[in-house]
Each structure stands twice: as structure tokens, then as C-alpha cells.
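Here the structure comes first, spelled out in C-alpha cells, and everything after it is commentary.
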DNA sequence: GAGTGGTCTAGACCACTGA
DNA sequence: CAGTGGTCTAGACCACTCG
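Protein chains in written order, with UniProt numbering: chain Z, 1 to 259; chain C, 1 to 259.
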């Protein structure tokens, strides 16, 4: 191993960060191979004349990155790259359109107050069909092309009026917070594939039986009660998800690309 | 805020962990709301008679969990729950079948040595069409039902024979490492939706134009050169992805469910 | 028992914020 | 300026591994 690597104690860059990058580069250059042990914490501390706590902080960064793992009483070892845990980050299909530099617009097809039917009663864990829900139907477009069709429901607390500002933040959590006093604190999304129905095809301006992403989102409050639900359809010929895993050179995690 | 919360310094559970859970529960119970400041590090250290470094480690856990954020010179504040960054973990569609308690089997449809055509030359960044690749076609089944069709390519290093053991580990990275000396260290997956072709429909035993997930995976070595590529088709009526975000009660991240 | 990583301390100095 | 979080130190004791 190359002994001629330095740490600049007077740099504005923290020592632990310099050391973490130094160790990382040794691994990425193949000088330290999976299964091999790093020098012990005390060794590293002595070699660079720094505190062991600082060494530990550097190693903690590598552990978080999944590049090494520590075993009490034995040592710290280079991990084999994990390749079977790819992560797709679904920031927001629509946000990504903006990042792509395209003009994005949301069109409101309708906003209604509806009674809970059997499906909605199950989703919102309601025991009375008299409960009223707000129902929004929107279409997302980019450069005059319709890309997605979204149907969103939120419980209706009478104390608040239906706001016109809903379209400024057309996300499900935006609708929920704009029309209720509850704070959504967690969300679940289920991604499936399907093909367009006649209605969906007409709204999106594409053919029937075209492949689409289907995403059902449920928002929960602090008590873990559902406060919002949506079912959205995204054109399969315009959306794709990209994910990464393993030893990555950049913090290059996931994202959505327009196809 | 409830003052009657304790830390047991003699517990086997680390102090930083106890403190992190204590602060977390205050946030989850709504005693600390988004935007509000946590007590300062020195305050917490004095109140529980512990070191400030230990307090910092506890807070670091909450920062990692995304529940609070620190601002130098100002304080540490409860973060509003992030709901727009749902993460789908794609461990391995096939692994999940096993976790589900189903009998999983992989059938080899064919293993050939092929020349690189134009598409493969582009994917593997080759400049000569004389390069040979190993080509594997497999079908994944569960309980006698065919669920996925996978086509995998890896560069062929002549020093190694084609191994029968390939089916023990039918993953792309398994094929690459079994047939080459290179170590794949990173992977990219692209997820799209499509509908079955006649060939794919016949292989999976389902109808033509049925919705499917399409996942293209590329494996890279330390020099960031592609060493493996696969295109897999997963039945849309049998697979779905589930992801979560926000303040979660469990470490409940993502996964794949059979529909 | 010697050597490893895991936790914790009591201080120190710094960079940044805001009155 | 006082107060905050960010970094770093030089020790201490512990739990664990392995010969």
C-alpha cells in the first residue's frame, strides 16, 4: 500500500473527511480488495497523528456508504460491492419534468365533493358512508403533451373552504394540507404496470391498451390514519425509472428520466 | 414538554441510542412539531448529565433519519416530513419470491456464445464485432407458474470454461463473476413498462400485449467498463413495487410484493 | 491474555448566527 | 458580543474474538 498519502491538518476540509476520501480512493483503485482488512483504528491514528475518534468518524462514513464493515474484536474489512439492492428514488414524476427543462402544466379536470363508496371506505378506514371526501382529477402535461392522469382524494374537514390555490401545489400532500388541519407524516406508494382503459386513453390522447405506470399513494398522519389517497397513470412511453447500487463514484442515486 | 424522561446510564443499551429514541418519540407524539427547535446540545447534555459528544451522536441518528436538521450558529430543528422522495428498493425480484415462501425455480432456455451485434457493441463499448459474449436465456417460475423471462450477456474471457454452476446463482453478477476475472462493483437498472411480444407471451404462457415490467441492468467494473448486461421481463399481474417515505415507525423500507 | 472495535468523557477551539 | 452547532483531542473502560 502506498505510504505517501497525506492529511492536511490545517485545511478547511475536516480531517475525517480527508481520511474517508483517502481510504475510499484506496478501495476504488483496488489497493484494498473486498475481504481485506483495513489498518486498525489505532494504527491509522498513529500513522497520521490524529485522534482515534477522528479515525472512527472517517470509517463511519465508509460504513454508511456500504464500502466497509466493522466486526468488534476482529477488525474492519472491505465489503464486497452490493449489487442486488438497487434503489429507485421516486422524487416526483412531475418534478423531474421541470428539472428536465420542459414547460410543465397541470390542468384541473374536476374538483368535487363525493361520498365514500366501498373502496374509499376501505382505503380511508371509515365506518360510515356519510363521510365526504374531496376528489380532484388533474392532467399533467409537458410542452403541450399530456403525460399523466391523476385522481386524488382527501378527507374533507368542513372548517376549511375549497381553495383555488390547490393548483399551485397539485401534489397529494399539498391537497391534504390545504384542506385539512392534519399533518401528513408518512406515505406509501405502490407501483404497478397496466394498460390504458378507454377513458384513460381518451384523457391522455393515446391508444387503448397502451402500457402505463400505475402509482397508488396513501398519506398517513401521526396516528397512522389515512388522510389522502391517489391513483395516477403515467405514460409508459414517456417515463422510466433509473436506479443504481454498488461502489459509486458520484452520489448518483436514482431518479426519473424522460424516455 | 415532559421533563420526566430518563436515561439509564448503566443499561446495556447505549446512551446515545436511548436519547435518540427519546427525542424521536417526542417528535412522533407531536410534542415537538416541525419547525420547532430541539433543546441545545449543551442543555441536553446538562439535563441528562452526559457528554455533549454523546448528545451529538444521538442527534446524528435523527439527522440520518431525516427527522431533524442542524444549522450552525442557530440550533437543531424538527424537519417537516419528506413525502416526495419515495424509495423503491429492488433487492431482486426473484429473491422476494423465496421470501414469500414460494418454491422458486430457474430454467435455462439456452446458453450460447454470440458475436456482438451493433446494439451489444454500443452497450459494452466495444469497437470490434469479433468480440464474443456469453448469452443466457432463463425463465423464473414460482409454484409452476412462469413469472419472468431474463436475457443476460457477459463478456467472455477465454481462460474460463462455461460453468454448469451458473444456474446455482442465476443473477447477472453471478454469471459475470463465474465467467470472468473482473469484479463488478456497480450496477445500473432502468425500469420501464411495456407489453409482451408474441415470443415473450409464448415463453411466459400469457397473452400477447400483456403489461410487463422491463428491467435493463448493466454491471460495471472498477474502471467503469460494462461487464454484463441483461434485459428482463416481469409479469405485470404478478409483480408490484412498494415504497415508503416520511416519519416511519418501522425500518420499513420498500420491497417487492407478489400481487 | 493481547488486540480489536464500541462507547463515553471533559474539555478545547472553531465557524457561524443574530442581536 | 453571547450562543449555537462542527471538529478534534487524549484519554478511559467496555465487549468481543482468537489463540
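Glycine is no exception: its CB is placed at the ideal position from the N, C-alpha and C atoms.
Measure from the alpha carbon of residue i to the alpha carbon of each residue in the options, then state which is nearest.
| i | options | result |
| --- | --- | --- |
| residue 80 (chain Z) | Z:43, Z:66, Z:87 | Z:66 |
| residue 111 (chain Z) | Z:134, Z:102, Z:128, Z:89 | Z:134 |
| residue 150 (chain Z) | Z:184, Z:143, Z:213, Z:24 | Z:213 |
| residue 188 (chain Z) | C:87, C:209, C:48, C:122 | C:87 |
| residue 43 (chain C) | C:35, C:53, C:34 | C:53 |
| residue 131 (chain Z) | Z:140, Z:209, Z:156, Z:40 | Z:156 |
| residue 59 (chain Z) | Z:192, Z:174, Z:127, Z:76 | Z:76 |
| residue 199 (chain Z) | Z:169, Z:37, Z:137, Z:73 | Z:137 |
| residue 234 (chain C) | C:179, C:176, C:90, C:184 | C:90 |
| residue 71 (chain C) | C:224, C:48, C:37 | C:37 |
| residue 34 (chain C) | C:168, C:68, C:180 | C:68 |
| residue 118 (chain Z) | Z:11, Z:186, Z:129 | Z:129 |
| residue 176 (chain Z) | Z:225, Z:51, Z:10, Z:64 | Z:225 |
| residue 25 (chain Z) | Z:50, Z:78, Z:172 | Z:78 |
| residue 14 (chain Z) | Z:174, Z:41, Z:55, Z:46 | Z:55 |
| residue 186 (chain Z) | Z:109, Z:172, Z:63 | Z:172 |
| residue 184 (chain C) | C:223, C:11, C:64, C:108 | C:223 |
| residue 168 (chain C) | C:180, C:48, C:104, C:209 | C:104 |
Where DSSP assigns a beta bridge to residue i, which residues make up the other side?
| i | result |
| --- | --- |
| residue 189 (chain Z) | Z:217, C:243 |
| residue 104 (chain Z) | Z:142 |
| residue 234 (chain Z) | Z:148, Z:213 |
| residue 86 (chain Z) | C:90 |
| residue 55 (chain C) | Beta-bridge pairing links residue 55 (chain C) to no other residue. |
| residue 77 (chain C) | C:37, C:69 |
| residue 42 (chain Z) | Paired residues: none, contrary to the question. |
| residue 171 (chain Z) | DSSP output for residue 171 (chain Z) lists no bridge partner at all. |
| residue 153 (chain Z) | Z:135, Z:229 |
For residue i, I'd like the list of residues in its chain whose CB is within less than 7 Å of its CB, leaving aside the five on either flank, ordered along the chain.
| i | result |
| --- | --- |
| residue 57 (chain Z) | 16 |
| residue 85 (chain Z) | 245 |
| residue 194 (chain Z) | 212, 214 |
| residue 102 (chain C) | 142, 143 |
| residue 120 (chain C) | 133, 153 |
| residue 170 (chain C) | 106, 138 |
| residue 82 (chain C) | 66, 245, 246 |
| residue 192 (chain C) | 214 |
Helix or strand or just coil, what does DSSP make of residue i?
| i | result |
| --- | --- |
| residue 122 (chain Z) | helix |
| residue 255 (chain C) | At residue 255 (chain C) the pLDDT is 37, less than 50, meaning the model places this residue with poor confidence and gives no usable figure here. |
| residue 198 (chain C) | helix |
| residue 222 (chain C) | coil |
| residue 13 (chain C) | coil |
| residue 22 (chain Z) | helix |
| residue 183 (chain Z) | coil |
| residue 6 (chain Z) | coil |
| residue 134 (chain C) | strand |
| residue 111 (chain C) | strand |
| residue 68 (chain Z) | strand |
| residue 176 (chain Z) | helix |
| residue 50 (chain C) | coil |
| residue 206 (chain Z) | coil |
| residue 1 (chain Z) | Low per-residue confidence applies at residue 1 (chain Z): pLDDT is 45, beneath 50, and the placement is therefore not dependable enough to give any value. |
| residue 62 (chain Z) | helix |
Return the chain-ordered list of same chain residues with a C-beta closer than 6 Å to the C-beta of residue i, the five sequence neighbours on each side being excluded.
| i | result |
| --- | --- |
| residue 1 (chain Z) | Bear in mind that a pLDDT of 45 at residue 1 (chain Z), under 50, signals an unreliable position, so the model cannot answer this. |
| residue 114 (chain C) | 133, 135 |
| residue 8 (chain Z) | none |
| residue 61 (chain Z) | 20 |
| residue 229 (chain C) | 123, 153, 218 |
| residue 18 (chain C) | 7 |
| residue 182 (chain Z) | 221, 227 |
| residue 216 (chain C) | 190, 231 |
| residue 203 (chain Z) | 149 |
| residue 146 (chain C) | 139, 204, 205 |
| residue 126 (chain C) | 116 |
Suppose the cutoff is 8 Å on Cβ atoms and the five residues either side in sequence are ignored; what does the same chain contact list for residue i look like?
| i | result |
| --- | --- |
| residue 3 (chain C) | The pLDDT assigned to residue 3 (chain C) is 44, lower than 50, so where the model puts this residue is not dependable, and the model offers no usable value. |
| residue 207 (chain C) | 196, 201 |
| residue 51 (chain Z) | 45 |
Considering only heavy atoms of the ligand PLP, does any lie closer than 6 Å to the CB of residue i?
| i | result |
| --- | --- |
| residue 52 (chain C) | No copy of the ligand PLP appears in this structure; indeed no ligand is present at all. |
Contacting positions in the stretch 167-185 of chain C - beta carbon closer than 9 Å to chain Z: 171, 172, 173, 183, 184, 185
Residues from the stretch 233-246 of chain Z in contact with chain C, defined by Cβ distance under 7 Å: 236, 240, 241, 242, 243, 244, 245, 246
Against chain C: residues of the stretch 138-162 of chain Z by CB proximity under 7 Å: Flagged: no residues at all.
Cβ-based contacts, 7 Å cut-off: residues of the stretch 192-214 of chain C near chain Z: 192, 193, 194, 195, 209, 211, 212, 213
Positions along the stretch 63-87 of chain C whose CB lies within less than 7 Å of some CB in chain Z: Per Cβ criterion, the list reads 81, 83, 84, 85, 86, 87.
Residues in the stretch 18-36 of chain Z having any Cβ partner in chain C nearer than 9 Å: 28, 29, 30, 33, 34
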